[in-house]
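Residue numbers (this note's numbering): -7 to 203.
Even glycine gets a Cβ: it sits at the ideal position worked out from N, Cα and C.
Quick caveat, the model's predicted, so the values are computed rather than measured.
Written below as structure tokens is the structure these notes are about.
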Ligand code: B16
Ligand code: MG
């Protein structure tokens, strides 16, 4: 295999917790029930897709305009949480894995549904490591659609079969498999039945053993 495509939130950095807190704030303000099980369904799903899942529990219905305003408000809360990110916020094992792959001459990419990807990568100081960055601004369909990973392979100039995807989301594992790639499931996706490999996180594993 020639390349690894990393998901961002929940794999390289724990911004997944900030997404949860920002949605929780919206849910509280709107008096909508929201918990961590519902939150797990939002992993890898676009901002508007996530809002639709949260609104399944709402007793009132929202117009398209109101939904747009809610999503914008949530992003404001989220941005205020991530603005203090530093390189120390990378998840354990993430930077080691990136360095091992680069030293072994492998290509690496980001395949994230987030429209805030570039901001996060800049805060973490790791943007320059990546040979390709695909984010929520470049795709029409979010995970579980394979678009984000197929575009990643295309930008890296490799075949999907030559890529390993690292994902923490059920939607992302499905997207990686639909793209024809091998998938390492970590975190909340570590027991996903479609994942080819699984690990608690990137900490303590040698990523080179999976490619
Ligand atoms: P934003 P990933 C995803 O990122 C998150 O897992 C998901 O919770 C979020 O709704 C989505 O990005 C969109 O994020 O609101 O920043 O555009 O896991 O694909 O890196
Ligand atoms: Mg994720």
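Would you decide whether residue i is buried or exposed? Buried here means 16 or more other CB atoms lie within 10 Å of its CB.
i: residue 173; result: buried
i: residue 28; result: exposed
i: residue 23; result: exposed
i: residue 74; result: buried
i: residue 132; result: exposed
i: residue 20; result: exposed
i: residue 25; result: exposed
i: residue 31; result: buried
i: residue 76; result: exposed
i: residue 60; result: exposed
i: residue 35; result: buried
i: residue 7; result: buried
Can you give me the start and stop residues for the beta strand (DSSP E) that residue i sits inside?
i: residue 177; result: 174 to 178
i: residue 189; result: 189 to 191
i: residue 126; result: 124 to 126
Determine the DSSP secondary structure at residue i, reduced to helix, strand or coil.
i: residue 150; result: coil
i: residue 41; result: helix
i: residue 131; result: coil
i: residue 26; result: coil
i: residue 118; result: coil
i: residue 47; result: helix
i: residue 99; result: strand
Go to residue i, then tell me how far its alpha helix (DSSP H) extends in each direction, as first and last residue.
i: residue 58; result: 56 to 74
i: residue 158; result: No alpha helix (DSSP H) holds residue 158; the beta strand (DSSP E) holding it covers 155 to 159.
i: residue 168; result: 162 to 170
Tell me the DSSP bridge mates of residue i?
i: residue 1; result: 5
i: residue -5; result: 99 and 155
The segment 118 to 129 in contact with the segment 156 to 175 per 3-pair CB rule at 8 Å: no
The segment 0 to 16 contacting the segment 156 to 169, beta-carbon criterion three pairs below 8 Å: yes
Cβ pair count under 8 Å reaching 3, the segment 93 to 104 against the segment 133 to 145: yes
Inter-stretch contact at 8 Å, needing at least 3 Cβ pairs: the segment 82 to 95 / the segment 40 to 52: no
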